[in-house]
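Novice: Sharing a structure here in structure tokens format.
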Amino acid sequence: FHPELTGRENIFLNGAMLGFSKRQMQQKFASIVEFSELAAFIDAPLRTYSTGMTARLGFAIASDAHPDILIIDEALSVGDEAFQKKCLARMSEFSARGVTLFYVTHALDTLHTICPHSLWLHGGRIRYAGPTREAIAAYRRSLEIGEDRSLVDTQERQMQIGRGVSEKSIGE
């Protein structure tokens with residue numbers, strides 16, 4: 004997005020970057036504005052938009068393009084709950100149509116309603132790939148194990164200190 008351009012101008016600019024003609028974007032314009040719920044602000048410069056308003060516009064443009072692949076990176080973490088539900092419903096429609104969704108999120112409770120399969124990345128590596136419910140369970144188990152491991156380390160350190168091993172020698 005360009006902050007000095009209006010919402011309207013940014014819709015046409017982004018449409019051009021997505022490969023749509025001006026005529027195609029004129030046909031899409033009303034549905035994009037309606038979905039974004041930004042009609043009252045569409046002719047204001049983007050620099051006057053809140054983060055949530057900008058995210059609304061971005062999601063409305065991207066999702067109106069009817070993509071084969073849709074990448075969403077925490078975009079739904081901003082904005083009000085009603086708009087988030089509206090976006091989740093659209094993503095569910097895409098999923099039902101076979102659109103590939105790359106949805107980066109920490110909102111695990113809604114993930115299984117959108118994506119039947121998930122990929123969990125940690126430290127740049129794939130930790131799990133498979134059904135979403137199992138991916139979530141594996142992720143949550145790892146959090147529990149991580150907490151348990153630090154607890155075990157603390158207990159071992161305390162036992163060594165109790166046997167006359169100093170804190171300094173443990174870390175060396």
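Just so you know, this note's numbering puts 63 at position 60 of the sequence shown, and the rest follows in order with no gaps. Beta carbons are placed, not taken as given, at the ideal position from N, Cα and C, and that holds for glycine.
Need the endpoints of the alpha helix (DSSP H) that leucine 21 sits in, please.
Specialist: Looking at the DSSP string, leucine 21 is not in any alpha helix (DSSP H), and its letter there is neither H nor E.
Novice: Mind listing, in chain order, the continuous alpha helix (DSSP H) runs of no fewer than 4 residues lying wholly within the segment 42 to 82?
Specialist: Here the runs fully enclosed are 54 to 67.
Novice: For histidine 5 and valine 107, what's the separation of their Cα atoms in angstroms?
Specialist: If you take the alpha carbons of histidine 5 and valine 107, they lie about 24 Å apart.
Novice: Which of the three DSSP states, helix, strand or coil, is assigned to phenylalanine 4?
Specialist: If DSSP states are grouped into helix, strand and coil, phenylalanine 4 belongs with coil.
Novice: Proline 119 and threonine 135: beta carbons closer than 9 Å?
Specialist: Cβ atoms of proline 119 and threonine 135: closer than 9 Å.
Novice: Measure from the alpha carbon of histidine 125 to the alpha carbon of each residue in Leu114, His109, Thr113 and His115, then state which is nearest.
Specialist: Checking every option, the nearest Cα to that of histidine 125 belongs to His109.
Novice: Measure the alpha-carbon distance for isoleucine 148 versus aspartate 83 and round it to whole angstroms.
Specialist: Approximately 34 Å between the Cα atoms of the pair.
Novice: State buried or exposed for threonine 57, treating a residue as buried only when at least 16 other CB atoms are found within 10 Å of its CB.
Specialist: Answer is buried; the Cβ neighbour count reaches 16.
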